[in-house]
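These notes are about the structure you will find just below.
Right, here's the structure in full:
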């Protein structure tokens, strides 16, 4: 997602909201992913996919150095556990499925071949005994100078409350009602909103969060996408989010500023670790 300033994001969001409310039956543009909708005000204050990838790399380097200090000189950067654990994954999406091709093929799940798996060898039992302490040490190094109790990812902590306001917005509720009627007209369940369709227990998600991709699931997902496009559901949803997020930032400006400083400190710590993972600091 492009990371612009929040003021631009809000201006665009309000303009889109006005355009959607006044538009005809055709969508404003093709939306296949959430990033196609443009930036949101919270984006500036949020941990990005790139942040995550860089933090994982930095942590792996720090852990490997720590493990070497403990007598494990060939510890892999991306190790597997000694025994594969059962993994539970909570799968969420702001707008549900958006891409018609994905819906047609995978329904509310995804290609299992795309799942990320560790590329390194398994840890030995001896390595695994030391790994938790080294992992904790890497976390402390990357979190140096950050007050996690108050400043860290403040926008993420506010998301629950802001999303409640988004869901109460009458414009969005009207958009969901239109989408739900459309789903019924296509012969599918009258879900209250697209997230309810996405998380329907009928899709039987496994421990990895993926679904079974049944014919019924895929047909529902295809209709879901078509109804969103017909009624501009995702575009309006995004615009209401932008409006509510901007209002929350205005009300809690000092907290968001502190959260942004914490995020920048974390990024600086990542940069330092990537430059010199073996250097020890107090």
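In our numbering, the protein residues as written are 25 to 306.
Idealized CB from N, CA, C, for every residue including glycine.
- Within the same chain, Cβ atoms closer than 6 Å to the Cβ of residue 298 are found at 82, the five residues on either side in sequence being excluded.
- Annotated three-state conformation of residue 288 is helix, per DSSP.
- Counting every other CB atom within 10 Å of its CB across the protein chains shown gives residue 235 a total of 16 or more, marking it as buried.
- Our two residues, residue 132 and residue 89, have alpha carbons roughly 41 Å apart in a direct line.
- Look at residue 182 here: in three-state DSSP terms it is helix.
- Of the residues 68, 77, 66, 226, the one whose Cα lies closest to the Cα of residue 239 is 226.
- Of all alpha-carbon atoms in 58, 55, 147, 139, the one lying nearest the alpha-carbon of residue 98 is that of 147.
- Here residue 149 has 106 as same chain residues with Cβ atoms under 7 Å from its own Cβ, once five neighbours each way along the sequence are excluded.
- Around the CB of residue 144, fewer than 16 other CB atoms lie within 10 Å, so the residue is classed as exposed.
- For residue 146, the secondary structure class from DSSP, reduced to helix, strand or coil, is strand.
- DSSP places residue 168 outside both helix and strand once states are collapsed to three, so it counts as coil.
- Residue 104 carries a strand assignment under DSSP once its states are collapsed to helix, strand and coil.
- Take the alpha-carbon of residue 199 and the one of residue 255: they are about 7 Å apart.
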